[in-house]
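Peer 1:
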Amino acid sequence: MLTNPTDDLCDFLLTALRVWRGPASSSDHFARKLDFADNTAFHSKRHSLIDALDSGEGLDISDLPVAIRIARIAVTDDYYGAGWEWPLVTRFSVEEAHAMLLALEAISEDTNG
């Protein structure tokens, strides 16, 4: 479980989940590609992940793959995510973001199989 919002990995995830309020955008079509019923369901899940990290309750490890998918798109996709604007709208460089994604994926694989 990821629980410490001051931890770099949690801070990165919070940043990636929050960037959807700014330069990143989504649609029903996009949400369905990520296995959500619609855009409302996508944002509902995104908000629940943010709330869990912000509250100190922590992110349940079973939610980590979903959070990673959302974060990866926010970092890398120029159409739906922040893409090339990522280092301009966050405090993380693209290289740092990719390193954080790899670290989170390793944690997810170790715990989720």
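Mapping to our numbering: the sequence shown position 1 is 13, numbers consecutive. For glycine and all other residues, C-beta sits at the position ideal for the given N, C-alpha and C.
1. Pick helix, strand or coil for residue 46, following the three-state DSSP scheme.
2. Express the C-alpha separation of residue 42 and residue 84 in angstroms, rounding to a whole number.
3. State whether the segment 95-109 contacts the segment 62-72, with contact taken as three or more CB pairs (one from each stretch) at a distance under 8 angstroms.
4. How about the segment 56-63 and the segment 86-103: do they share at least three Cβ pairs that are nearer than 8 angstroms?
5. Could you check where the alpha helix (DSSP H) with residue 24 kicks off and where it finishes?
Peer 2: Per the coordinate set shown:
1. If DSSP states are grouped into helix, strand and coil, residue 46 belongs with coil.
2. Distance from the CA of residue 84 to the CA of residue 42, rounded to the nearest whole angstrom, comes to 14 angstroms.
3. In short, these stretches do not touch, since the Cβ pair count stays below three.
4. The segment 56-63 vs the segment 86-103: no contact.
5. Per DSSP, residue 24 belongs to the alpha helix (DSSP H) from 20-30.
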